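Some notes on the structure that comes next.
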């Protein structure tokens, strides 16, 4: 630590000593002026870059704020396709319509089966199914509402578990299947499993698909950026630009002072009101 302090003191002595030596040597002042103008030029270049950076920060945050207020009329509409969500909304409605119709037909067949088997409320559990959950509302929106399903309703993905109790597999004889009440062919069970699994997978990914088409993740990221990042980002860019501008102005003034001192050392006077003593 002491060695570091000693090195810093020595470097400071050398720097100030060199400046003082240049001040007493006329070409040294010219060199100082030359380096001052170089630093001034670099300072103004940096000021211009910081001004561009400040303008970029302002425009970026303004675009984010406009998109958050009105995505349809924002300048980011051409970049983010979700700003125009009419087509994506139509796709979501078509998916909801397809699933809603499929599950409605299944529930109709379940009700018909209950009627054929003459099952009432006391023994309808023998079938193992009362209703299949339909997470989509009716026309015209067909919106995704999974909380509206009845408590005793099963998901369509669990339908193969119910049908397996009535499936006659290939390794069983027809006589055993008839005695055990297994009347559903295995081929029909496989087809039902494929359909129900496909619909269940579509229902599972529908919330993520809905978030993607509506740009929910993007809107949340932009909201967080506007709420937490834009204000300090703008303040930092403005402070950086003001600092470099002030430094550049100071360097210009300092360079002009060095030029004035150089001319004064050569015996020139810039003041018209200066008094020059006359020799007697």
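Residue numbers (UniProt numbering): 1 to 280. Ideal Cβ placement from N, Cα and C applies to all residues, glycine included. Quick caveat, the model's predicted, so the values are computed rather than measured.
Do residue j and residue i have their beta-carbon atoms positioned less than 7 Å apart in this structure?
{"i": "residue 163", "j": "residue 192", "result": "yes"}
{"i": "residue 142", "j": "residue 91", "result": "no"}
{"i": "residue 247", "j": "residue 43", "result": "yes"}
{"i": "residue 134", "j": "residue 95", "result": "no"}
{"i": "residue 255", "j": "residue 61", "result": "no"}
{"i": "residue 39", "j": "residue 251", "result": "yes"}
{"i": "residue 237", "j": "residue 53", "result": "yes"}
{"i": "residue 152", "j": "residue 179", "result": "no"}
{"i": "residue 364", "j": "residue 206", "result": "Absent from the structure is residue 364, since the part of the chain shown begins at 1 and ends at 280."}
{"i": "residue 137", "j": "residue 213", "result": "no"}
{"i": "residue 107", "j": "residue 132", "result": "yes"}
Where does residue i fall in DSSP's three states?
{"i": "residue 199", "result": "helix"}
{"i": "residue 25", "result": "The predicted model places residue 25 with a pLDDT of 49, which falls under 50 and marks its position as unreliable; any figure quoted below should be read in that light. Residue 25: coil per DSSP, three-state reduction."}
{"i": "residue 215", "result": "coil"}
{"i": "residue 11", "result": "Confidence is the limiting factor: at residue 11 the pLDDT is only 45, short of 50, which leaves the residue's position unreliable and the question unanswerable from this model."}
{"i": "residue 95", "result": "helix"}
{"i": "residue 130", "result": "coil"}
{"i": "residue 70", "result": "coil"}
What is the C-beta distance between residue i and residue j, in whole angstroms, given that I count them as a contact (C-beta under 8 Å)?
{"i": "residue 64", "j": "residue 222", "result": "5 Å"}
{"i": "residue 156", "j": "residue 196", "result": "5 Å"}
{"i": "residue 168", "j": "residue 186", "result": "7 Å"}
{"i": "residue 144", "j": "residue 210", "result": "7 Å"}
Cβ of residue i versus every heavy atom of the ligand PLP: is any distance shorter than 6 Å?
{"i": "residue 216", "result": "Ligands in the displayed structure: none, and consequently the ligand PLP is not present."}
Taking contact to mean at least 3 C-beta pairs separated by less than 8 Å, is the segment 47-56 in contact with the segment 210-230?
no
Touching by the beta-carbon criterion (3+ pairs, under 8 Å), the segment 86-103 and the segment 201-220:
yes
Beta strand (DSSP E) runs wholly inside the segment 133-190, at least 3 long, in chain order
none
Segments of 3+ residues assigned as beta strand (DSSP E) that fall wholly inside the segment 216-263
none
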